[in-house]
């Protein structure tokens, strides 16, 4: 459905130079100041550009929208099995389009069909392969248009190649801060509605994403506003009766129950959704502190507000939506089904306030900070998961993933972004060495000296959780 709000007297839709004629499938509904164009039972031949022209006494104005029609039928009944064959026997590897800590993404062409796909090439050791097998196992069951779909998978002695849909629109947040994009609150509601559709599908499949954040929401193409949820490396299946605790995530978007090492639930994703929504409409992160430790402390307190002047232009419905997600007790948060029923996400919810252009200056600053933090922006459990590739053991989820503790000498891992763990007075100390922490090492034939700077220490005991800044490790 396309919709346009206008002050004209006449509205016409065109495909190319030909005016669209309404029929039982192509429905054009004109309302005072508003027009909707709906294409029912969309066909592949419907794809392409449509032009809407609005005319009044002063002249006319126009806008072009592009309709993308996905051939989802090719994924029907697809049962991906990890192959040990040579990937390049079946695909032509093309240019690199992205990279991260765990792999490089290339375009690739399937030889048998000439279709374009994305190939994520992952290099890892045998003991770390369980994580990626888990990711593939989860993705093979996902066929929703708002979720990145798996097409093929290959395993070799040195790693994996995961073949998925090719999504070329880039990160959602980067798309909406482009100079040619006019962001309104209605746009924000449209994006959040799509995210909710994808999350609803996952939750109905008993899957918790556990890493919802802006970087994992991509636009299908730069020419439209449709999104997909990506990255299922941290996802978990949650069946009735399961009790799962985890200690990983991204500080700005992590839920209080994760920081507190309490049981997670589907509501854990809903907290992250609330933070994404808050940032999307304001460009501000509700819980960000000077350090990751301070951010986590703010999350556990679950205190935020709408006091910034940015929210003066935001509707009460949007604030209500966020307020029902950023609730400390997960049991009291809206479910994903309630989200989809909320008035803010109603597709016919249009008023003058929702159509005002929103400033994206603060959002640009947020993206710049995230880019600087990106190499080291994960909250990870000490010992139990010093890096993403260590959080599993043999491909099975740890139902009670407690941090490893050390009795005297600190166990020092000299890789940046990982942690130092030690025990003092019966308390496990986790040093979050994410952004400013650096390790330097000097060694000789007879001794070794290690110095390190810890921006934040996160102390956990049975009774309380307290943050200590700039303190030194205890003496053995």
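Residue numbers (the UniProt record's numbering): 1 to 476.
The C-beta atom is built at its ideal place from N, Cα and C for all residues, glycine as well.
Quick caveat, the model's predicted, so the values are computed rather than measured.
Status (buried if at least 16 other CB within 10 Å, exposed otherwise) for residue i
i	result
residue 372	exposed
residue 134	buried
residue 58	exposed
residue 215	buried
residue 21	exposed
residue 147	buried
residue 264	buried
residue 181	exposed
residue 255	buried
residue 298	buried
residue 123	exposed
residue 239	exposed
Assigned secondary structure, residue i (DSSP; H/G/I helix, E/B strand, else coil)
i	result
residue 141	coil
residue 300	helix
residue 209	coil
residue 30	strand
residue 168	coil
residue 130	helix
residue 153	strand
residue 160	strand
residue 287	coil
residue 230	coil
residue 370	helix
residue 237	strand
residue 124	coil
residue 4	strand
residue 397	At residue 397 the pLDDT is 35, less than 50, meaning the model places this residue with poor confidence; the figure from the coordinates comes in the next sentence. Residue state, collapsed to three classes: coil.
residue 15	strand
residue 195	helix
residue 20	coil
residue 147	strand
residue 266	coil
residue 319	helix
When the options are compared against residue i, the one with the closest alpha-carbon
i	options	result
residue 38	57, 4, 56 and 216	4
residue 219	344, 168 and 177	168
residue 79	210, 92, 42 and 153	153
residue 363	81, 177, 275 and 126	177
residue 270	195, 150 and 187	195
residue 246	252, 235, 240 and 239	235
residue 274	191, 132, 25 and 114	191
residue 206	141, 110 and 20	141
residue 56	48, 33 and 74	33
residue 343	330, 331 and 318	318
residue 156	239, 85, 341 and 182	85
residue 94	83, 81, 114 and 100	114
residue 321	18, 131, 128 and 189	189
residue 145	183, 81, 75 and 108	75
residue 233	260, 266, 222 and 129	129
Distance, residue j Cα to residue i Cα
i	j	result
residue 60	residue 10	9 angstroms
residue 13	residue 209	40 angstroms
residue 287	residue 307	14 angstroms
residue 16	residue 357	29 angstroms
residue 225	residue 40	19 angstroms
residue 291	residue 301	16 angstroms
residue 163	residue 117	7 angstroms
residue 522	residue 367	This structure cannot settle anything about residue 522, because the visible part of the chain is limited to 1 through 476.
residue 121	residue 289	35 angstroms
residue 193	residue 125	39 angstroms
residue 102	residue 202	23 angstroms
residue 97	residue 279	26 angstroms
residue 303	residue 296	12 angstroms
residue 325	residue 334	6 angstroms
residue 87	residue 158	13 angstroms
residue 282	residue 310	6 angstroms
residue 336	residue 200	6 angstroms
residue 198	residue 339	12 angstroms
residue 150	residue 170	18 angstroms
residue 161	residue 119	6 angstroms
residue 35	residue 221	25 angstroms
residue 25	residue 47	15 angstroms
residue 365	residue 165	30 angstroms
residue 248	residue 237	16 angstroms
residue 329	residue 204	22 angstroms
residue 110	residue 83	15 angstroms
DSSP bridge partner residues for residue i (one or two, in chain order)
i	result
residue 63	52
residue 100	103
residue 184	357
residue 37	2 and 28
residue 109	92 and 116
residue 217	229
Cβ-heavy atom distance, residue i to the ligand GDP, below 7 angstroms
i	result
residue 305	In the structure shown, the ligand GDP is absent, as is every other ligand, since no ligand is present at all.
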